[in-house]
Structures are given as C-alpha cells and as structure tokens.
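Oh and the sequence shown: position 115 is 114 in numbering that gives the first Met the number 0, straight run, nothing missing.
Single-structure report; data block below.
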Amino acid sequence: MKGKLFGNRSQTVSSEIFTGQFLNILLFCIQTVLLVSIILYCKAVSEGILQMELSSEMFAFLGLTSLLLGLFIAYKYLTYSFISYIFFDKETKQRWNDTFSSAICVSGVILFFPALILFYAEQIAAYGVYLVLLYFIFIQIVLLYRQFVLFFNKKGGLIYFILYLCTQEIIPLFLLYKGFVYFFNIAKG
0 MKGKLFGNRS QTVSSEIFTG QFLNILLFCI QTVLLVSIIL YCKAVSEGIL QMELSSEMFA
60 FLGLTSLLLG LFIAYKYLTY SFISYIFFDK ETKQRWNDTF SSAICVSGVI LFFPALILFY
120 AEQIAAYGVY LVLLYFIFIQ IVLLYRQFVL FFNKKGGLIY FILYLCTQEI IPLFLLYKGF
180 VYFFNIAKG
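In structure tokens form, the structure reads like this:
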C-alpha cells in the first residue's frame, strides 16, 4: 500500500480483480467508513446530541453516517474515474485510483485504535477527534500532492489545479459537511 500511496508503481484493474485485491480494497473501504462513523458517534455522544443508552439510536446513527460517507467515497471515486477517463491516459488514471484506494485502506488501519479508544474512553473523546481530524488533514495534503504530481505538473497546470480544488475537493466536502449538519440537527431535535 505504501508504494501505491507515495510511489509510482502501477497495476492493471483486471489483475487486481483476479488476485482478490479488489475485494480487500472494498473491505478496507467499508472498515474505514464504519470507523469514521463510530468516531462521529462518539463525538455526538460527547456533545450530548445522542444518548448512550439507546442502542437503536446508535445503530440508526451509525447506519446513516455510514451511508452518507459511503456515498461520498463512491461519488469521489466515480468523478475521479470520469475526469481521468476524459482528460488523462490510462496509466495515470490507474495510478491515481491506486493512490486514492490506498489512502482509504491505510485510513481503515490507522483509525482502528483511535476509534476503539474513543468508543470506550468517553473522557478523551474531544482530544481523539482532533487527532483524527489532524490525520485526515495530513492524508488530504498527501492526496493533493499526488494529484498535483500526477495531473498538474506542468507550468500552466497551477490554474487548472486551483480550479480542480474548488470543483472536485472543496464543494463535495462542503456538501458532506452540510449533510452531517442536517443529520445532527435531525438527531438532536
């Protein structure tokens, strides 16, 4: 995974499917979505939005946040694939898909212990959430660097990179944020 996230090695999609890596990537994506949902649940409990006693609320919250995060990741993957298919060659597209899926897989592994600690140690929930947020900022910086190196490394590419950031990165994050705010307001009231 490290080679795909930071390096330039590439594999074809068909070899990933036949070797079973596609299933592993899918399982790690599901793990990442569930762990982020658990972290958000811990934050909602520590803020008083949800009550710990109601397991039905917990499962509904985890299900809806998992659905929202899953749709966000699927949207990102599909738009990355669509844009790469139109504007870039197959090898660059494959390297970016490998980088994106590796970042999600690594997140699933790294977020396991913070999610476990946050779920069982409610006193440190605020600090744990900030550490997880710092991790997501770090991984986003790595992804932005890889995007710039793969797609926009020419002189005139900087203006396209800024346009890309606004349309492909900032707007979907804003919509995800609005979705969580709406969801938290429904859960609260």
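Built from N, CA and C at the ideal position, the CB exists for glycine as well.
Per-residue burial, residue i [other beta carbons within 10 Å of its own, 16 or more giving buried]
{"i": "D88", "result": "exposed"}
{"i": "I169", "result": "exposed"}
{"i": "A43", "result": "buried"}
{"i": "A114", "result": "buried"}
{"i": "V180", "result": "exposed"}
{"i": "Y55", "result": "Note on residue identity: the sequence assigns Ser, not Tyr, to residue 55. Exposed, because fewer than 16 other Cβ atoms sit within 10 Å of the Cβ of S55."}
{"i": "A59", "result": "exposed"}
Reference residue i; option with closest CA among the options
{"i": "W95", "options": "L110, Q146, Y159 and Y40", "result": "Q146"}
{"i": "F151", "options": "T91, N184, L68 and L132", "result": "T91"}
{"i": "P171", "options": "Q50, I72 and L130", "result": "I72"}
{"i": "V131", "options": "L34, C165 and S65", "result": "L34"}
{"i": "V141", "options": "C104, F81 and T98", "result": "T98"}
{"i": "L175", "options": "I48, L143, Q30 and L66", "result": "L66"}
{"i": "L61", "options": "F81, F86, T31 and L164", "result": "T31"}
C-beta atoms of residue i and residue j nearer than 9 angstroms
{"i": "S68", "j": "S36", "result": "A small correction: the amino acid at residue 68 is Leu; Ser does not occupy that position in the sequence shown. Taking 9 angstroms as the Cβ cut-off, L68 and S36 qualify as a contacting pair."}
{"i": "I123", "j": "L117", "result": "yes"}
{"i": "G107", "j": "C41", "result": "no"}
{"i": "Q167", "j": "Y79", "result": "yes"}
{"i": "F27", "j": "C104", "result": "yes"}
Inset, instruction - Identify every run of the alpha helix (DSSP H) within the segment 70-152, keeping only runs that are complete inside it and at least 4 residues long; order them along the chain. - result: 89-109, 111-119 and 124-150
Legend entry - Residue ranges of each beta strand (DSSP E) within the segment 13-49, 3 or longer: none
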